[in-house]
Amino acid sequence: MCPLCERLAAPDPFRLATFDHCVVILGDNQGCPGWCTLVLRRHVEHLDELGHDQQQAIFGEVARVARAVRACFPASGAGGGPVRINYECLGNVVGHVHWHVVPRHADDPTPKATVWGWTPEALRGTMTRDERVALAGRLGASLTRP
Ligand SMILES: [Zn+2]
Numbered sequence: 003m004c005p006l007c008e009r010l011a012a013p014d015p016f017r018l019a020t021f022d023h024c025v026v027i028l029g030d031n032q033g034c035p036g037w038c039t040l041v042l043r044r045h046v047e048h049l050d051e052l053g054h055d056q057q058q059a060i061f062g063e064v065a066r067v068a069r070a071v072r073a074c075f076p077a078s079g080a081g082g083g084p085v086r087i088n089y090e091c092l093g094n095v096v097g098h099v100h101w102h103v104v105p106r107h108a109d110d111p112t113p114k115a116t117v118w119g120w121t122p123e124a125l126r127g128t129m130t131r132d133e134r135v136a137l138a139g140r141l142g143a144s145l146t147r148p
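Whatever position you read off the sequence shown (first residue = 1), add 2 for our numbering.
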């Protein structure tokens, strides 16, 4: 069974929103606070298997998550919000279309590189469960605001 299909089928305290195409989850890795993952609601392995309209709609959902992340971190970067947001649709580990929305904050240790060279501990970050729950509440509220 696909681990993302399994995750979508189970109750998840870190599910932030359910959009038309994707479910938004606060990522297990919070080394970059606010890291969210959008998981396509149905099992499709490759983005290019989807129709053009679906691809566009999914990217609209990805951008909507990025806006919510910026709203939740208004003071991280010089211009407000994360200095940069990385968007990644990889599928190398789990072959089910999903997007990582990775805010790169002003204190990012490697701002010119992707996060995938970080140690597992650095990726996971130091946020406590209570802090993750609080952040999920703020992001969820921001995502469902019209
Ligand atoms: Zn799947």
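We treat Cβ as the ideally placed atom computed from N, Cα and C, and that holds for glycine.
Predicted, not measured: the structure shown is a model, and the values here were computed from it.
Pair within 8 Å by beta-carbon distance, residue i and residue j
i, j, result
"P113", "G36", "no"
"V117", "C34", "yes"
"C91", "L125", "no"
"H98", "E47", "yes"
Cβ shell of residue i (< 8 Å), same chain only, five flanking positions each side left out
i, result
"R43", "L10, T20, H23, C24, V25"
"C74", "G36, L137, R140, L141, S144"
"G119", "T112"
Cβ neighbour criterion (16 or more within 10 Å) applied to residue i
i, result
"V103", "buried"
"H100", "buried"
"G29", "buried"
"E63", "buried"
"D110", "buried"
"A68", "buried"
"A70", "buried"
Contact set for residue i: own chain, Cβ-Cβ below 6 Å, skip 5 residues either direction
i, result
"V96", "P5, L6"
"E86", "In the sequence as presented, Glu is not what sits at residue 86; that position holds Arg. Result list for R86: R106, in chain order."
"A108", "S78, G79, V85"
"M129", "Q32"
"R72", "G83"
Whole-angstrom C-beta distance between residue j and residue i, which should lie under 8 Å
i, j, result
"G127", "Q58", "Contact doesn't hold; Cβ gap of about 32 Å is too wide."
"V41", "I60", "That belief does not hold up - the Cβ atoms of V41 and I60 are roughly 11 Å apart, past 8 Å."
"P15", "V135", "7 Å"
Pocket of ligand 1 (residues with CB nearer than 5 Å to any heavy atom), chain order: C4, L6, C7, H45, H98
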